[in-house]
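One structure is given here, and the rest of the page talks about it.
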Amino acid sequence: MAASAPARQVSKSFSAKLERMAWPATLQFTSFGVRIGVRADDNAILEQALPCLPSNLRPSRSVQVDRRYSLFRAEGAASGDAPAYFLYADRRKLAQGRQLSTVIEALESDVNFHIARTSQRWVFVHAGAVAWKGQAIVIPGASFSGKSALVKELLAHGAEYYSDEFSAFYASGRVHPFPRRLCLRDDQKCQTLVTAKELGAKTGTRPLPVALVIITRYKPNAVWRPRVVSTGEGVLELLGNSLTARSRPTQALAALSKAVSTALVLDGPRGDAKATAASILRILDWAHAV
Amino acid sequence: MQSHGSEDLPKRKEAISRQLSDEFLVYDNQTNKAHCLNKTAAEVWSLCDGQTSIPQMAEKLQLSSDDLVRMAVDDLGKAGLLETYQPSADAARRDTLRKLGFAAAIAVPLVISVLVPTPAQAAS
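The listed protein sequences correspond, in order, to chains A and B. Position one of the first sequence corresponds to residue 1 (the working numbering), numbered consecutively onward. Position one of the second sequence corresponds to residue 291 (the working numbering), numbered consecutively onward.
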C-alpha cells in the first residue's frame, strides 16, 4: 500500500529541485480535452505506468499541460534502507511507497479524477457503464454501493466495458468510454484492480445512447424488484453523483437530461450481482423487443 | 424569506431550469440543490411571479379549488425555490389529500430534491 499522506504542497526549493532533476522519460497527452504530462526518472517506470493511463489518450508535443505528474525513485535515507518511489502532481506530493505498483495506482486514480473534475466539454458522473447491443446501461452510485460487482457480472454476461468509476457524457447525451481498471472488492473490502480484458470482456470504443439507468445499492439477501421511476428522477440521480454539476450546472442539466430522455430508469435495492445482471439484460432485451 | 401579508403572492427564485417531457428540473446555484418538479408543481412554479395570488393561479390553471396550488406552493417553498411564500399548517397537506380523494392523486404536486456534491464528495 502506498503511504499516501494527504497531498501537501512542497517548498519552493524542493519544487526547484524537482525541475532540475533529469527526466529521461516524458509523455504529454490530452484526454477529454485535459492536458496532462507524466515524467519519470527512468524509462522502466514510465513503461509500467503507461497501461494505467487513460486508453483514449492522445499524445501531444506541447509542453504546456494542466497538470504534470513526476514519478521517481529515491534511495533510502540511511544505508541499507530500501529505495522508495515518489509521486508528485505539480508541487504536491501524492504518494510514496516501496512498491512501484501502489504508487502507480495513486497516479491512475488521480489522473482519472483530475480529468473528470476539470474536463470542460464532458460531464462526468460517478457511475459504472457498460454497453449491451449498441446501447448503454449506466449505474450511478457512491463508492461501496456495489457498482463494480454489478459491472463485472454484466461483463460476464457479454456486455462491453465503458467505465467502472466515472462515466463521461457529451452534450449529445451519449456516453463515451472512460475505462480504468475495475476496482473489485472481496468480503473483507480488500480491493483488486483488474482490466476488462483480464475478465475476458471487450472495451467499447463508440459513444452510445443510454437505454437504462439503474439506481441501486447492494443489500444482503435483497431480491432485485425495481420500480420504474421518472426521467426527472433519473436525471436527479445522475446530478447527485456528478463531478461537474456544481461548476457547470447548465451544461450538466442539458447533457444529463438528453442522456436520460431515451432511457428507462429503474430503482430498487439488489442482492446477488449475478442474478441482478441477468435480470437487467433481460429487461433491456424485452424493452428492445417492444 | 416568507411574506406575512394578508395576500400571499409567491415569487420564485432565480434558478437554472430545464423542461423535460412532463417534468421540470431546477438547479439552485445558491444552495447547490437540484429539484425535479412534476407537472402540477412546475405549472405552479411558472406562475409564481410575485404578482399572482394563489386563487388567481388556480383560476389560470382551471382548477376548481385552491388546494392543489396551495400544496404546490408549500412544497416549492419548503424546497427553497420561492423567495416569498406563506407556509400552511403541517396538517394542511393531509387534509387536502383527504379532500381530493384518490382520483385526484395523480395531480398532486411533487418536488424531489437532491444536493449536488462537490467533485471530491462525488468521487467518494
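Glycine residues also receive a C-beta, built at the ideal position from the N, C-alpha and C atoms.
- Taking C-beta atoms as the reference points, PRO300 of chain B and GLY340 of chain B count as a pair closer than 9 Å.
- Burial of ALA129 of chain A is indicated by the presence of at least 16 other C-beta atoms within 10 angstroms of its C-beta.
- Listed along the chain, the chain B residues whose CB falls inside 7 Å of the CB of ALA254 of chain A are ARG308.
- Going by beta carbons, ALA324 of chain B and LEU236 of chain A fall inside the 9 Å limit.
- PHE169 of chain A carries a strand assignment under DSSP once its states are collapsed to helix, strand and coil.
- For the stretch 213 to 247 of chain A, the residues whose beta carbon sits under 7 Å from a beta carbon of chain B are, in order, SER230, THR231, GLY232, GLU233, VAL235, LEU236, LEU239, GLY240, ASN241, SER242, LEU243, ALA245 and ARG246.
- DSSP places SER148 of chain A within a helical segment (H, G or I) once states are collapsed to three.
- Using beta-carbon distances, GLU313 of chain B counts as an interface residue toward chain A, with a partner under 9 Å.
- Unbroken alpha helix (DSSP H) stretches of 4 residues or longer found wholly inside the stretch 77 to 122 of chain A: 100 to 118, given in chain order.
- Out of A:GLY271, A:GLY33 and A:ALA245, the CA that lies nearest to the CA of ILE306 of chain B is found in A:ALA245.
- In the three-state DSSP reduction, PRO409 of chain B falls in the helix class (H, G or I).
- Distance from the Cα of LEU353 of chain B is smallest, within the candidate group B:ALA410, B:VAL334 and B:SER311, for B:VAL334.
- With 16 or more other Cβ atoms from the protein chains shown falling within 10 Å of its own Cβ, VAL359 of chain B counts as buried.
- THR192 of chain A sits exposed, since fewer than 16 C-beta atoms from the chains shown fall within 10 Å of its C-beta.
- Not one beta carbon of chain B lies nearer than 9 Å to the beta carbon of GLU105 of chain A.
- Burial state of VAL406 of chain B is buried, judged by a 10 Å Cβ sphere holding 16 or more other Cβ atoms.
- ARG91 of chain A sits away from ASP41 of chain A, with the two beta carbons spaced by 9 Å or more.
- With its beta carbon at least 9 Å from every one in chain B, HIS176 of chain A lies outside the interface.
- Counting the other Cβ atoms within 10 Å of the Cβ of PRO83 of chain A gives fewer than 16, which makes it exposed.
- Taking 9 Å as the cut-off, the Cβ atoms of VAL38 of chain A and LEU53 of chain A count as close.
- ARG308 of chain B and PHE314 of chain B have their alpha carbons spaced roughly 6 Å apart.
- In the three-state reduction of the DSSP assignment, GLN352 of chain B falls in the coil class.
- CYS183 of chain A carries a strand assignment under DSSP once its states are collapsed to helix, strand and coil.
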